[in-house]
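Just so we're aligned, residue 1450 is where the sequence shown starts under the working numbering, counting upward by one.
Below: the structure, in C-alpha cells.
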Amino acid sequence: MAFAQNDASRPTEAPLRKIIADLQQGAPDTGSMEPELGSAVQAQAAAIAGLLQSLGRVQQLEFAGTENGTDIYEVTFERGAASWRIRMAPTGKIAGLLFKPVAAPETRGDDVAMDGLSGTLLKPRDVEHPPVVLLIGGSGPTDRNGNQGGTGPGELRQLAEQLAEKGIASLRYDKRAVGRSAVAGLREEDFVLNSFVDDAVTWLDWLRRRPDLGPRIIAGHSEGGVIALLAAKRTSVAGIVLLATPGRKLGDVIREQLQGFRMDAALQSEASTILATLERGELVPNVSPALHALFRPSIQRYMISELAIDPVTEIKTLTLPVMIVSGGHDLQISSADADALSAERPDAICLTISGMNHVLKMAPADRASQQDAYSNPNLPLAPGLSDAIANFVQQSAR
C-alpha cells in the first residue's frame, strides 16, 4: 500500500502508517502495542477491517497537532476521511490508538438542528403536507444513515430516498454524541436508554410543529425499534414500523449472539457472569480487554436500563397501526423475534423477506459472506421493502 509522504515526519507517523495497513488486512501487529491495547484491538479487528476496507486506499496522511501527549493525524482515503490519534509508550510501543471517520455532507435534503441534534429532512417534490417518517437508527454510535464511524451500509439514507420518490417525507438524525450531533462534554456514562427516547420524542414534537408536513410515523431499526415503541407511548403518532426489531429482552439476544462468537471458555464464562450481573442492575467494574467492546464500564448504566425492557410487553400496550419487518438471513434478530411481536399484535402488518439480512440488504445466509453487506453503501435495499413500508405509511396517514 502506497502512502503520501509528509515533509516533516514525526516518530508516530511510521507506526500509524503500518497499523492502518495492517488493520485494513484484518491482521494488526499487536506485538507493537501495549498488552491492553493489543487485546482490545484484536477483539475488534474484523469489524475495523470491514470499515477501513470500505474507505479504500489511503491517499494522504497529514499531522494535525498534539493533545495531551497524543499525536493527531488527518487521513484521506479514496472514499472518505478519518481523524486518527496515536500515543506511544516509553517502551516504544503504541499505548493509545483511536480513529473517527469524518462523515461526508448530505447531498439531498435539508440540514436541520434541534436541541444539539443534527438531522436531514428529506421531502418529496410537489407533494403538499406529505406524511413524514422519523427514522431511528440501531444500537451503538449510529449516524443518520445507519452507519457507524461515518461509513457502512447506509440503509437509512437509502430508505429515506426511496420513500421520497413515493411521496413520503422523512427525518433521520445522528444519535446524540455521534456525527454532527456530538456535544462537547458528553460521556458514555451519561446515557441511559431513555436519553434516546427523549430525543426521538423531541424530534416528533418538532415535526408536529412543521406546517408543511402531514401525519407522523415512526420507523425504528433494531434497537431503534425498541426506542420507537417507548416513544410511541409518550406522543401521538399515526403508526409505527419495526425494522429487524428484537422481540425479546436484550439479555436473551446477547446470549444468543455470544454463542456465535469465537471465544474461549473463560471469556464465555466471564461474559455470561457479567450479563447476569447487569440484569440484576449491578455494575461490573473489572472487564477483560477482549470484552470491552460489549461490556466496558462506561456503557453499563445504559445496558442496565435496556436490559429491563421487554419489547413484547411494550407492543401490547399500543393501539396504533403496527408494521413488523424481518429478514430470513438476519444474523442478529431471528424470525422468532418477529413472531413474538406479532403474537401480541395479530392485527399488525408483517413482512418477511427471505434473503434480507439485519441491515436490510440481500445477503447470503452465512456470517462470513455478509461482510460486504455491512460495509457497502452501494448495495441496494432488499427489493419490495420500501414499497411495502410506503403502502403502510400511506394507509396509516389517512
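For each residue, glycine too, the CB sits at the ideal point set by N, CA and C.
Check whether the region 1581 to 1596 and the region 1536 to 1544 touch, using three or more Cβ-Cβ pairs below 8 Å as the test. Counting Cβ pairs under 8 Å, fewer than three are found: no touch.
Going by the beta-carbon positions, is the gap between residue 1842 and residue 1676 smaller than 9 Å? One-based indexing of the sequence shown puts residue 1842 at position 393. One-based indexing of the sequence shown puts residue 1676 at position 227. Not in contact: residue 1842 and residue 1676 (Cβ atoms no closer than 9 Å).
From the DSSP output, in three-state form, read off residue 1670 for me. Taking the sequence shown and counting its residues from 1, the one referred to as residue 1670 is at position 221. Reduced to three states, the DSSP call for residue 1670 is strand.
Proximal residues to residue 1734 (C-beta, below 7 Å), its chain only, five neighbours per side dropped: Taking the first residue of the sequence shown as position 1, residue 1734 is located at position 285. Non-local beta-carbon contacts of residue 1734 in its own chain, meaning distances under 7 Å to residues more than five positions away in sequence, involve 1746 in chain order.
With DSSP collapsed to three states, give me the class of residue 1591. By 1-based counting over the sequence shown, the position of residue 1591 is 142. Taken through DSSP and simplified to helix, strand or coil, residue 1591 comes out as strand.
Whole runs of the beta strand (DSSP E) within the region 1518 to 1603, excluding any shorter than 3 residues: The qualifying runs are 1519 to 1526, 1529 to 1537, 1543 to 1551, 1559 to 1563, 1566 to 1571 and 1581 to 1585.
Where residue 1527 falls, given that 16 or more other Cβ within 10 Å makes a residue buried: For this step, residue 1527 is matched to residue 78 along the sequence shown. It counts as exposed.
Thinking just about the alpha-carbon of each residue, which of 1575, 1723 and 1831 is nearest to the one in residue 1753? What you label residue 1753 is simply residue 304 of the sequence shown in a count that begins at 1. Measuring from the Cα of residue 1753, the nearest candidate turns out to be 1723.
Beta-carbon proximity check, residue 1579 vs residue 1662, cutoff 9 Å: Sequence index remark: in the sequence shown, residue 1579 carries index 130 (1-based). Sequence index remark: in the sequence shown, residue 1662 carries index 213 (1-based). Yes, the pair counts as a contact, with Cβ atoms nearer than the cut-off.
Residue 1556 classed as buried or exposed, judged by whether at least 16 other C-beta atoms fall within 10 angstroms: Residue 1556 sits at position 107 when you count from the first residue of the sequence shown. Around the beta-carbon of residue 1556, fewer than 16 other beta-carbon atoms lie within 10 Å, marking it exposed.
What does a CB cutoff of less than 8 Å around residue 1818 pick up in its chain, not counting 5 residues either side in sequence? Along the sequence shown, read from residue 1 onward, the residue named residue 1818 stands at position 369. Excluding five sequence positions before and after residue 1818, the CB atoms of its chain that fall closer than 8 Å to its own CB belong to 1812, given in chain order.
Could you tell me the alpha carbon to alpha carbon distance between residue 1535 and residue 1728, rounded to whole angstroms? For this step, residue 1535 is matched to residue 86 along the sequence shown. For this step, residue 1728 is matched to residue 279 along the sequence shown. Roughly 36 Å separates the two Cα atoms.
I need the DSSP call for residue 1467, collapsed to helix, strand or coil. Here residue 1467 refers to the residue found at position 18 of the sequence shown. DSSP places residue 1467 in helix when its eight states are reduced to three.
From residue 1860 to residue 1827, what does the alpha carbon distance come to, in whole angstroms? Summary: the structure shown does not reach residue 1860, with the chain confined to residues 1450 through 1847, and so no result is reported for it.
When the Cα atoms are used, what is the spatial distance from residue 1673 to residue 1631? The residue labelled residue 1673 in the question sits at position 224 within the sequence shown. The residue labelled residue 1631 in the question sits at position 182 within the sequence shown. Residue 1673 and residue 1631 have their C-alpha atoms roughly 19 Å apart.
What distance in whole Å lies between the Cβ atoms of residue 1584 and residue 1621, which are believed to be in contact at a cut-off of 8 Å? Reading the sequence shown from its first residue, position 172 is the one you call residue 1621. Reading the sequence shown from its first residue, position 135 is the one you call residue 1584. The Cβ separation is near 4 Å, so the contact holds.
Since I believe residue 1786 is in contact with residue 1684 (beta carbons under 8 Å), could you give me their beta-carbon distance rounded to a whole number of angstroms? Sequence index remark: in the sequence shown, residue 1684 carries index 235 (1-based). Sequence index remark: in the sequence shown, residue 1786 carries index 337 (1-based). About 25 Å separates the two Cβ atoms, so there is no contact after all.
Tell me, please, whether the region 1640 to 1648 touches the region 1753 to 1771 by the rule of three or more beta-carbon pairs shorter than 8 Å. Because the criterion of three Cβ pairs below 8 Å is met, the region 1640 to 1648 and the region 1753 to 1771 touch.
Determine the direct distance from the alpha carbon of residue 1545 to that of residue 1517, and round the result to whole angstroms. Counted from its first residue, the sequence shown places residue 1517 at position 68. Counted from its first residue, the sequence shown places residue 1545 at position 96. Each residue's alpha carbon lies about 12 Å from the other.
For residue 1845, does the count of other Cβ atoms within 10 angstroms reach 16, so buried, or fall short, so exposed? For the purposes of this step, residue 1845 is identified with residue 396 of the sequence shown, where counting begins at 1. Residue 1845 comes out buried.
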